[in-house]
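Heads up, the sequence shown is in the numbering used here, so the first residue is 1 and it goes up one at a time. Here's the structure, in structure tokens; my notes come after.
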Amino acid sequence: MTTTLSVNLNAVAMLRNRRDLPIRFSDLPVLRALIDDEFPDAEFNIEGYPSEDFLALCERIQPEQVTLVPDDPAQATSDHGFDFRATGEMLKPIVARLKKGGMRVSLFADGDGDVEAVALAKATGADRIELYTGPYGGCFDNPERGIEFLELLGRTADAALAHGLGVNAGHDLTVDNLPALVKRIPALAEVSIGHGLTADALEYGMAETVRRFCRACGQTI
1 MTTTLSVNLN AVAMLRNRRD LPIRFSDLPV LRALIDDEFP DAEFNIEGYP
51 SEDFLALCER IQPEQVTLVP DDPAQATSDH GFDFRATGEM LKPIVARLKK
101 GGMRVSLFAD GDGDVEAVAL AKATGADRIE LYTGPYGGCF DNPERGIEFL
151 ELLGRTADAA LAHGLGVNAG HDLTVDNLPA LVKRIPALAE VSIGHGLTAD
201 ALEYGMAETV RRFCRACGQT I
């Protein structure tokens with residue numbers, strides 16, 4: 001299976017709207033039109049906390065995928081997945097609403113090997129989970145610890161796949177740590193890259209950076 005690279009062109013972190021950063025709700029129709037006109041084979045993935053205004057926007061924009069995150073809008077960035085024991089029942093009607101609109105739904109999840117939590121994620125009706133890879137990405141200077149986090153991510157992914165969930169991943173992923181992740185989770189459907197791609201583009205240029213990340217995902221280009 002080939003892992004898809006999702007970059008900022010077609011993956012917009014809507015949770016950042018409330019943090020005075022560049023992406024705003026009003027930008028979404030423009031991005032939807034850009035993707036439809038210039039990149040018809042690309043998917044539009046909108047990420048955010050499932051507030052009523054966010055859900056209504058998704059219904060209007062019709063992204064191919066909606067990634068729901070548990071973050072408070074005041075958070076600087078995502079740093080944990082949903083507590084499915086506490087939020088599973090709340091998520092069920094939200095997931096059903098989005099899927100009724102024809103959108104694939106992915107839920108941000110901790111990659112801590114909690115098999116029971118994965119089963120609860122499946123019970124929400126979601127199509128996929130997105131593994132939070134921050135702890136793994138933070139081990140660039142501690143390879144042994146990185147291997148431990150990688151195995152936890154792998155166990156979580158194995159459980160998700162066994163339950164029929166697709167698996168995405170994102171946070172602090174680089175061309176250096178992606179190959180091991182893709183090797184451990186060969187069925188990984190999609191990885192989301194933001195800061196790493198932008199930072200590398202300053203050194204290698206955007207086109208070469210995209211090629212480097214695609215190769216890190218196992219794509220032959």
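We treat Cβ as the ideally placed atom computed from N, Cα and C, and that holds for glycine. Computed from a predicted model, the values in this text were never measured in an experiment.
Where the beta strand (DSSP E) through residue i begins and ends
i: F108; result: R104 to D110
i: T124; result: Segment: none, T124 is in no beta strand (DSSP E) and carries neither H nor E.
Beta-carbon contacts of residue i that lie in its chain and below 7 Å, excluding the five residues immediately before and after
i: Q65; result: E43, N45, M103, R104 and S106
i: V182; result: T3, L188, C217 and G218
First and last residue of the uninterrupted alpha helix (DSSP H) at residue i
i: E38; result: L28 to E38
i: G88; result: F84 to K100
i: T209; result: M206 to A216
i: I221; result: Run containing I221: none; DSSP gives neither H nor E here.
i: R155; result: P143 to A162
i: I61; result: E52 to I61
i: V175; result: V175 -> no alpha helix (DSSP H), and no H or E assigned at all.
Same chain only: Cβ atoms within 8 Å of residue i, ignoring 5 sequence neighbours per side
i: R145; result: C139
Inter-residue Cα distance where the pair is residue i and residue j
i: S192; j: H80; result: 15 Å
i: F213; j: V115; result: 30 Å
i: L68; j: A199; result: 25 Å
i: H163; j: T133; result: 20 Å
i: E203; j: R32; result: 29 Å
i: I129; j: H195; result: 21 Å
i: C58; j: E38; result: 21 Å
i: I221; j: A207; result: 12 Å
i: F149; j: I35; result: 35 Å
i: T87; j: V30; result: 33 Å
i: R155; j: L161; result: 10 Å
Residues that residue i bridges to, as DSSP identifies them
i: N168; result: E130 and E190
i: T67; result: E47 and S106
Contacting residues, own chain, Cβ-Cβ under 6 Å from residue i (five flanking each side not counted)
i: L9; result: Low confidence applies here, because L9 scores a pLDDT of 39, under 50, leaving its location unreliable and the question unanswered by this model.
i: L28; result: I61
i: A216; result: V175, L178 and P179
i: L91; result: T124
Nearest residue (CA-CA) to residue i, options the options
i: D127; options: T133, F108, T174 and G113; result: F108
i: S51; options: A207, E151, L98 and L197; result: L98
i: G49; options: S78, F39 and L34; result: For clarity, residue 49 is Tyr in the given sequence; the question names Gly instead. Out of S78, F39 and L34, S78 has the C-alpha closest to the C-alpha of Y49.
i: D112; options: L55, P135, R184 and K122; result: P135
i: G218; options: F39, P186, R155 and A86; result: P186
i: L131; options: T124, L152, A56 and R32; result: L152
i: G137; options: G154, L120, E208 and D172; result: D172
i: A157; options: A180, F82, R184 and G194; result: R184
i: F54; options: V95, T87 and P40; result: V95
i: D83; options: G166, D36 and T124; result: T124
i: G166; options: L197, I147, V118 and F149; result: V118
i: G101; options: P63, E89 and P70; result: P63
i: L188; options: D71, S26 and G170; result: G170
i: D71; options: G205, P93 and D110; result: D110
i: A159; options: S26, V210 and L120; result: L120
i: F25; options: A56, G154 and G88; result: A56
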